[in-house]
Ligand SMILES: Nc1ncnc2c1ncn2[C@@H]1O[C@H](COP(=O)(O)OP(=O)(O)OP(=O)(O)O)[C@@H](O)[C@H]1O
Ligand SMILES: [Mg+2]
């Protein structure tokens, strides 16, 4: 195994980075197999100080494992089910850039297929340009040889240009841009290309110059079906960025995908109509990564 590392990123907030990453990861784990029948192993990393992905995973984990039945719920609210495991551990020591952080200090096993490096809500927001810190996640992944232990490493990024963007991009092979049909989201896409160029300049003469992440594609989310303005916008994006850059499946607005109604991943529910759209997104995602797969639709 050599994991493909993909950042879900857009400088625009609320476009569905976290939702798509969360749903796609669980869908791939449950509905897709390698050609030899084995399951995909996926590591999720929450670099966003808002920690929405971590919250989603926690809600799902508590629900799926029926933790409320056995343990006082407030205990979990206070300490979190992830205990001290968090991306924050990478920053703990002043010597963090030279010392090795062990994987058990940081990675939480969600289930057979999915592991998580949780984010931490209380994290003090770290600005960019803290020398040496941008490589901490990359060092952690390489020191622990994590790429050989997973098929996919998916990173949920915050909607800002910060140290966390640098952390994510320095280890990513690809970046995936979820966007929504509005004018500002185009600015988000352009900004992101500048960010990659900017990081290449900062890290010139390092390995990053050759290994900087490639655009995997743009996923258009929250599409209003039958809305002319929305369709015109999608057409503009296709023409501006190239038809091949945009995922052919678009994700419509669906209340089932909205956080307000969701307490487990869609794949754990019976939301078949939305799942079938997301399955197409996952297929295209794996194909763009040149990962061969079989589907286990009936499982
Ligand atoms: N296709 C969809 N249909 C309906 N609601 C959606 C859809 N996709 C996402 N949402 C909802 O939109 C909101 C924003 O989504 P999400 O948190 O995934 O965006 P984000 O890009 O990760 O935001 P941030 O930049 O703040 O991290 C959430 O409440 C989510 O449930
Ligand atoms: Mg998010």
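Residue numbers (the working numbering): 2 to 300. Glycine included, C-beta positions come from ideal geometry on N, C-alpha and C.
heavy atom of ligand 1 below 7 Å from residue i C-beta
{"i": "residue 225", "result": "no"}
{"i": "residue 51", "result": "yes"}
{"i": "residue 259", "result": "yes"}
{"i": "residue 182", "result": "no"}
{"i": "residue 311", "result": "Here the chain has residues from 2 to 300 only, and residue 311 is not among them."}
{"i": "residue 219", "result": "no"}
{"i": "residue 178", "result": "no"}
{"i": "residue 15", "result": "yes"}
{"i": "residue 214", "result": "no"}
{"i": "residue 254", "result": "yes"}
{"i": "residue 222", "result": "yes"}
{"i": "residue 66", "result": "no"}
{"i": "residue 145", "result": "no"}
{"i": "residue 140", "result": "no"}
Euclidean distance between Cα positions of residue i and residue j
{"i": "residue 292", "j": "residue 196", "result": "27 Å"}
{"i": "residue 46", "j": "residue 146", "result": "15 Å"}
{"i": "residue 170", "j": "residue 206", "result": "16 Å"}
{"i": "residue 249", "j": "residue 264", "result": "28 Å"}
{"i": "residue 48", "j": "residue 182", "result": "25 Å"}
{"i": "residue 173", "j": "residue 19", "result": "17 Å"}
{"i": "residue 5", "j": "residue 154", "result": "6 Å"}
{"i": "residue 160", "j": "residue 66", "result": "31 Å"}
{"i": "residue 224", "j": "residue 215", "result": "25 Å"}
{"i": "residue 211", "j": "residue 2", "result": "22 Å"}
{"i": "residue 63", "j": "residue 185", "result": "36 Å"}
Cβ-heavy atom distance, residue i to ligand 2, below 7 Å
{"i": "residue 157", "result": "yes"}
{"i": "residue 18", "result": "yes"}
Anticipated Cβ contact below 8 Å, residue i with residue j, distance rounded
{"i": "residue 148", "j": "residue 142", "result": "7 Å"}
{"i": "residue 28", "j": "residue 276", "result": "7 Å"}
{"i": "residue 235", "j": "residue 221", "result": "6 Å"}
Distance CB(residue i)-CB(residue j) smaller than 8 Å
{"i": "residue 279", "j": "residue 12", "result": "no"}
{"i": "residue 120", "j": "residue 168", "result": "no"}
{"i": "residue 33", "j": "residue 242", "result": "no"}
{"i": "residue 10", "j": "residue 176", "result": "yes"}
{"i": "residue 306", "j": "residue 40", "result": "Since the first residue shown for the chain is 2 and the last is 300, residue 306 is missing from the structure and cannot be characterised."}
{"i": "residue 187", "j": "residue 238", "result": "yes"}
{"i": "residue 44", "j": "residue 151", "result": "yes"}
{"i": "residue 57", "j": "residue 23", "result": "yes"}
{"i": "residue 138", "j": "residue 193", "result": "no"}
Any non-hydrogen atom of ligand 4 closer than 7 Å to residue i Cβ
{"i": "residue 119", "result": "Among the ligands in the structure shown, ligand 4 does not appear; only ligand 1 and ligand 2 can be found there."}
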